[in-house]
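Protein chains in written order, with my numbering: chain A, 9 to 119; chain B, 948 to 1056.
The C-beta atom is built at its ideal place from N, Cα and C for all residues, glycine as well.
Values in this document were obtained by computation on a predicted structure and should not be read as measured data.
This report refers to the structure that appears directly beneath it.
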């Protein structure tokens, strides 16, 4: 049972570049989340989804986009990378509001 | 807007001392509240949820709706409790899981 898998684990981007952080889960969870974790700031919710075809903004959605075409996948898109988007990104999933399972994180640096 | 506040960034105690990690929330409805923990080099994981009213690894948390608090307590801290602790909230029936800033618990020998 793989749980929540994020790729890549590390990435360095140049300002203005774009990229997609991949997230997939094999637990048939309906809820999925994207967070960013900055030192001393805790986890900030970027976007979340309560099911395939449904996405909602979280606390800090600006500069990001998501899609949820399948139950398993919830990719996060950065269109024009900025230094302020340097962070550790976590994907997570759960069945309703039960125990949330987290991925291992993606460390992104924008230079 | 919904918010979770953990006023302490760092809490340092000696082994065997009582521990209380504070969590306050702002939400006018009936929230679901959680404590998550992140041990060094491990993924964030659920510690406990208020609905279950359970004790996990000696930790308990009581929801106080009057004070809008959900403090995490343990009577006797152990060195292995050293970790980052996050309080989290889901506004009723939304699926929108919001975290506080986190508190680092350091248990000294």
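{"Query": "Put residue 1001 of chain B into one of helix, strand or coil per three-state DSSP.", "Result": "coil"}
{"Query": "Pop quiz: residue 962 of chain B and residue 1025 of chain B are said to be a contact at Cβ under 8 Å. What is the actual Cβ separation, rounded to whole angstroms?", "Result": "6 Å"}
{"Query": "Check each candidate in A:14, A:79 and A:117 and name the one with the smallest Cα separation from residue 94 of chain A.", "Result": "A:117"}
{"Query": "Taking residue 1048 of chain B as the query, report the chain A residues whose CB atoms sit under 8 Å from its CB, ordered along the chain.", "Result": "48, 49 and 50"}
{"Query": "Is DSSP giving residue 102 of chain A helix, strand or coil here?", "Result": "strand"}
{"Query": "What are the residues that DSSP puts in a beta bridge with residue 54 of chain A?", "Result": "Beta-bridge pairing links residue 54 of chain A to no other residue."}
{"Query": "Does residue 956 of chain B get closer than 8 Å to chain A when you measure Cβ to Cβ?", "Result": "yes"}
{"Query": "Output yes if chain B places a C-beta closer than 8 Å to the C-beta of residue 107 of chain A; else output no.", "Result": "yes"}
{"Query": "Nearest to residue 113 of chain A by CA position, among A:58, A:48 and A:30, is which residue?", "Result": "A:30"}
{"Query": "Would you kindly report the start and end of the unbroken beta strand (DSSP E) that includes residue 23 of chain A?", "Result": "Segment: none, residue 23 of chain A is in no beta strand (DSSP E) and carries neither H nor E."}
{"Query": "Out of curiosity, what's the CA-to-CA distance linking residue 1056 of chain B and residue 37 of chain A?", "Result": "41 Å"}
{"Query": "Does the distance from the C-beta atom of residue 1031 of chain B to that of residue 985 of chain B stay below 8 Å?", "Result": "yes"}
{"Query": "Could you tell me whether the Cβ of residue 1003 of chain B comes closer than 8 Å to any Cβ of chain A?", "Result": "no"}
{"Query": "Starting from the beta carbon of residue 53 of chain A, find every residue of chain B whose beta carbon is closer than 9 Å, and list them in chain order.", "Result": "1043, 1044, 1045 and 1046"}
{"Query": "Please check the pair residue 46 of chain A and residue 10 of chain A, which I expect to be a contact at CB under 8 Å, by giving their CB distance rounded to whole angstroms.", "Result": "Wrong, their Cβ atoms sit about 27 Å apart, outside the cutoff."}
{"Query": "Which complete beta strand (DSSP E) runs does the stretch 967-1049 of chain B hold, if anything under 3 residues is left out?", "Result": "971-973, 979-985, 992-996, 1019-1021 and 1030-1037"}
{"Query": "Would you mind working out which of B:1000, B:957 and B:982 sits nearest residue 992 of chain B, comparing C-alpha positions?", "Result": "B:982"}
{"Query": "Quick one: does residue 986 of chain B have its CB under 8 Å from some CB of chain A?", "Result": "no"}
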